[in-house]
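Worksheet: one structure, shown below.
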Amino acid sequence: MAMADNTISSTRRTLLQGLAGATVAAGTSACGGGSTTSTDTRNNTPPRPDPVAVSPRGSHVPRGVHASVIDDPHTTRTLTWFTDGLNAPPSMVIFDQPPARLSATEDAQRPFPRGTTGTVERTFGVNAQTHRVTLRNLDPQRPVRYRVGSDQGGWSDTFWLEPLPRENWRFMHFGDHGISHRAQRVTEEALKHPVDLLLLAGDLSYADGNQPVWDQWFSDVEPLLASTVTMAAPGNHEAKDGGGRESGQAFKSRLTHPDPRLAVVGKNQGSTFYSFRMNRVHFLVSSAGALIEDFSLAEELVNMEVDLAAAALARLRGEIDFIAVMQHYPIWTDQLGRSPANFTLVALEEDILLRYGVDLLLVGHDHVYQRSQKMAYGGNTPLGYMQVMVGTGGQSVRVFDETPQRWSAFQFIGLGLATYEVSPGKITGAFHGARPEGDEGEALQTVLEPFSVRDTFTIERRSLAACKECALPPRDPDVLLRNFPMIVHHTRMRNRLALEHCG
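Okay, here's the thing in C-alpha cells:
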C-alpha cells in the first residue's frame, strides 16, 4: 500500500535517531567527507567586455572545467574547475543564453552579459584550488554559453550546455576510464553521441594516489565534461586518494554533486552518494562501500532505503516512470571470484533494489560489457532489475573467466559505452563497442577497429499493480543494519581483493 508524505517525513526523524545507535554499535561513525557545494551569488558583477578582448592566457588559467547539477536540471547548472597555486585571483563564470547555437564568428564577437561567483577551496593533494559556481534561474528553453576564469588569471575556452528536453532525452554510461590511448578512444567516441547526461560508474582517472594524474584526466576529458552534465560514482581506485577517513578525497574535492536526502552529521560534503531526478527518471548514485574507510556506509545504506522508498511512491503517483541506481561494483558478474564478491552487502543491497522496484542498475568495475536479463538473486524474473555493466571505458580490456550464467543476456569484450534513449514509459539502450586485435597479451589491449552498435535492449514502465507492490515504507535502521558489522568486514575483504586483481 502506498504511504502518505507525512509517513516519509516522520520516518526521517526515526531513521536519523536510529542510525546513530546502529553506527556506534558497529564501531563506526557516520561522516561524510571533503568538499563543499557552491553558494550562488548570481548577477553580482557588471557585464563583461567583448570576449575577443579577453585573452585566455594569464597567471592562473582555468583547467578541468566540468558541468553537473545539484538542483533543478532545467533551470540550473553547476560548473567546477581548477586553478594552479593558492593565490589565484577570484574566478567566476560569465555566460549568456542565446536562442540557439552561434556561428564561430558570432560566438567570437558576442559578449557575456552575466556573471556569477561561487566558492573556492584547496584541491586535495596538489597545489591548486577547486572553484564551484551554480547558475540559477536559467531559461530552460535556451542553451548556456559560458567560460570561466578572470581577467587577471585568464579565461577558459567557451563552452556550450544544451537545454534538457522535457519528453525525449538521452544519457550515456561507462566506467573504468583512465588516461590510456584506449580511454582517449572512448572519449572521442562519446563526443560523437551528444547526450543530456553522462554517468561515470567509478574508477575515473586511475590516479591511485598520484594526484597529478587527476589533472591529466580532467584535461583529457574537458571537451566532453564541460559540454555535458556529468554525474559520477566513486570506485575502488578512488579509495587510494587518501586513507582512512580521508579515503576518496580527490573525488570529493574535485567533483560536485547534490547532498544526500538525509545528512546525519552535517552535510555529506563530498557527495559520494546522492540522488537526482531527470524528468521522469529518478537516479540514485551509490558508493557500494568503495570508500568504506571514511565511515559513511551506514549513513549511505539508510539514505538508499529512504530515497528509494520515496522514489517508489513518486512512481506510484505517476510523477516518474523509472528508478535507476548507478555504482561502481556490479552485483553479479562472470569475472572469476567476483559474483557476488561481498555476499553480505550484496544481499542487503539487492533486497533494497527489489523491495522498491529498481528498474536499472548501471555498473562498471569489470573491464567487459555484460547485460543481464531482468533478474533477482542470480535468477531471471520479470519483476527484477536489469544490470548493465560497462567497465569498457579504456583502462584495460579483460576476458570472461566463466561460462555466462543464466541471468546473462549479452557479453562483449573490448572498448565501449552505452547510450540510453528515454521516452514516455520506455528506455531504449544500445552498447557501442570495438573489439581488440586478439584475445591475449598486447593484442587484447590493442583496439583499433571502429565502434559500432553491438547490443540493444528496451525497458518498459512497470504496471500499476507492480508499482503498488513496491510503494513500501522505509525500514528502521536497526532492522536494515542488523548485520552491519559483518557487512563492514566483508566489504573490506572485497575491496582488498579488488585492488589485488586490478588492471
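Numbered by the numbering used here, the letters in the sequence shown go through residues 83 to 585 in order. The beta-carbon is built from N, C-alpha and C at its ideal position, and this holds for glycine as well.
1) Can you look up Val134 in the DSSP assignment and give me helix, strand or coil?
2) Whether or not the segment 530 to 549 and the segment 505 to 517 are in contact is what I'm after, with contact meaning three or more pairs of Cβ atoms, one per stretch, closer than 8 Å; do they touch?
3) Quick check on this structure: which residue in Asp416, Gln223 and Val481 has the alpha carbon closest to the alpha carbon of Gly460?
4) For Phe256, report the span of its beta strand (DSSP E) as first-last.
5) Between Asp239, Trp296, Met468 and Gly235, which lies nearest to Arg229 when the distance is taken from Cα to Cα?
6) By how many angstroms is the C-alpha of Ser173 removed from the C-alpha of Cys113?
7) Give the secondary structure of Ala525 by DSSP, where H, G and I count as helix, E and B as strand, and everything else as coil.
8) In the DSSP assignment, find the unbroken beta strand (DSSP E) run with Ala394 in it and report its ends.
9) Taking the alpha-carbon positions, what's the Gly231 to His213 distance?
10) Buried or exposed, going by whether 16 or more other CB atoms sit within 10 Å of the CB of Leu168?
11) What does a CB cutoff of less than 6 Å around Leu246 pick up in its chain, not counting 5 residues either side in sequence?
12) Please go through the same chain and pick out, in chain order, the residues whose beta-carbon is closer than 6 Å to the beta-carbon of Ser137, but skip the five residues on each side of it.
13) For a test of the three-state rule: what should DSSP assign to Arg145, helix, strand or coil?
14) Buried or exposed: which applies to Ile402, given that a residue is buried once 16 or more other Cβ atoms fall within 10 Å of its Cβ?
15) Could you check where the beta strand (DSSP E) with Trp242 kicks off and where it finishes?
16) Out of Phe194, Glu484 and Gly511, which one is the CA nearest neighbour of Glu503?
17) Comparing C-alpha positions only, which one of Val450, Leu366, Ala429 and Tyr451 sits nearest to Gln409?
18) Relative to the alpha-carbon of Glu381, which residue among Arg192, Leu563, His339 and Val202 has its alpha-carbon at the smallest distance?
19) Express the C-alpha separation of Phe377 and Glu524 in angstroms, rounding to a whole number.
20) Rounded to a whole number of angstroms, what is the C-alpha to C-alpha distance between Leu497 and Leu280?
21) Using the three-state DSSP reduction, which class does Phe492 fall into: helix, strand or coil?
22) Do we get a CB-CB distance below 7 Å when we pair Thr310 with the residues of chain C?
23) Between Ala283 and Val445, is the Cβ-Cβ spacing less than 7 Å?
24) Quick one: what's Val311 bridged to in DSSP?
25) So if DSSP puts Ser232 in a beta bridge, which residue, or which two residues, is it bridged to?
26) Along the beta strand (DSSP E) that carries Ile541, what are the first and last residues, could you check?
27) Taking the straight line between their C-alpha atoms, what separation do you get for Phe253 and Asn292?
28) So, for Trp414: in the same chain, excluding its five sequence neighbours on each side, which residues have a beta-carbon less than 8 Å away from its beta-carbon?
29) Bridge partners for Asp302 per DSSP, in chain order?
30) Count the other CB atoms, across all protein chains shown, that sit within 10 Å of the CB of Thr121; report buried if there are 16 or more and exposed otherwise.
31) Tell whether a beta-carbon distance below 7 Å holds between Leu442 and Ala406.
32) I need the boundaries of the beta strand (DSSP E) containing Ile434, first residue and last residue.
33) Under three-state DSSP, which class holds His514?
34) Just confirm the distance between the C-beta atoms of Asp297 and Gly146, as a whole number of angstroms; I'd bet it's less than 8 Å.
35) Just list the beta strand (DSSP E) runs in the segment 450 to 500, keeping only unbroken ones of 3 residues or longer that don't cross its boundaries, in chain order.
36) Please report the distance separating the alpha-carbon of Thr338 from that of Arg204.
Taking the geometry as given:
1) Only weak support exists for where Val134 lies, its pLDDT of 37 falling under 50; the coordinates are left without a value.
2) Inter-segment contact for the segment 505 to 517 and the segment 530 to 549 is present: three or more beta-carbon pairs are separated by less than 8 Å.
3) Each of Asp416, Gln223 and Val481 was checked against the Cα of Gly460, and the nearest Cα belongs to Asp416.
4) The continuous beta strand (DSSP E) containing Phe256 extends over residues Trp251 to Phe256.
5) Among Asp239, Trp296, Met468 and Gly235, the Cα nearest to that of Arg229 belongs to Asp239.
6) Unreliable placement is indicated for Cys113, whose pLDDT of 27 sits below 50; the coordinate value is still reported in the next sentence. Straight-line Cα distance between these residues: approximately 30 Å.
7) In this structure, DSSP gives Ala525 a helical state, which the three-state scheme calls helix.
8) Per DSSP, Ala394 is not a residue of any beta strand (DSSP E); the alpha helix (DSSP H) it occupies stretches across Leu379 to Leu398.
9) Going from the Cα of Gly231 to the Cα of His213 covers about 10 Å.
10) Counting other Cβ atoms within 10 Å of its Cβ, Leu168 stays below 16 and is therefore classed as exposed.
11) Spatial neighbours of Leu246 in its own chain (CB-CB distance under 6 Å, excluding positions within 5 residues in sequence) are listed in chain order as Pro155, His156 and Asp278.
12) Caution is warranted here: a pLDDT of 46 is assigned to Ser137, below 50, making its placement in the model unreliable, and the coordinate value is therefore given only provisionally. Here the set comprises nothing.
13) Arg145 sits in a strand when the DSSP states are folded into three classes.
14) Counting the other Cβ atoms within 10 Å of the Cβ of Ile402 gives 16 or more, which makes it buried.
15) If you look at Trp242, you'll find it in the beta strand (DSSP E) that goes Phe241 to Leu243.
16) Closest option to Glu503, Cα to Cα, is Gly511.
17) Checked all of Val450, Leu366, Ala429 and Tyr451; the closest Cα to Gln409 is Leu366.
18) Put simply, of Arg192, Leu563, His339 and Val202 the residue whose alpha carbon is nearest the alpha carbon of Glu381 is Leu563.
19) For the pair Glu524 and Phe377, the Cα-to-Cα distance works out to about 40 Å.
20) So the two alpha carbons sit approximately 17 Å from each other.
21) In this structure, Phe492 counts as strand in the three-state DSSP scheme.
22) The chain inventory of the structure shown lacks chain C, comprising one protein chain alone.
23) Against a cut-off of 7 Å, the Cβ pair of Val445 and Ala283 comes out as a contact.
24) Checking the DSSP bridge columns, you'll see Val311 partnered with Ala149.
25) Under DSSP, the beta-bridge partners assigned to Ser232 are Gly236.
26) Where Ile541 is concerned, the enclosing beta strand (DSSP E) starts and stops at Ser534 to Glu542.
27) One C-alpha to the other measures close to 31 Å.
28) Excluding its 5 nearest sequence neighbours in each direction, Trp414 has C-beta neighbours in its own chain below 8 Å: Ser421, Pro422, Ser454, Met457, Gly460, Gln469, Gln487 and Trp489, listed in chain order.
29) Answer by DSSP bridge pairing: none, since Asp302 is not bridged.
30) At Thr121, the pLDDT of 33 sits below 50, so the modelled position is not reliable; the number obtained from the coordinates is stated separately. With fewer than 16 Cβ atoms within 10 Å of its Cβ, Thr121 is classed as exposed.
31) Their beta carbons are under 7 Å apart, which means Leu442 touches Ala406 by this criterion.
32) Per DSSP, Ile434 belongs to no beta strand (DSSP E); it is in the alpha helix (DSSP H), Phe425 to Arg437.
33) Residue state, collapsed to three classes: strand.
34) Indeed they touch by this definition, with Cβ atoms about 7 Å apart.
35) At a cut-off of 3 residues, the continuous stretches assigned as beta strand (DSSP E) that sit fully inside the segment 450 to 500 are 451 to 458, 467 to 472 and 490 to 494.
36) Near 14 Å, if we compare the C-alpha coordinates of Arg204 and Thr338.
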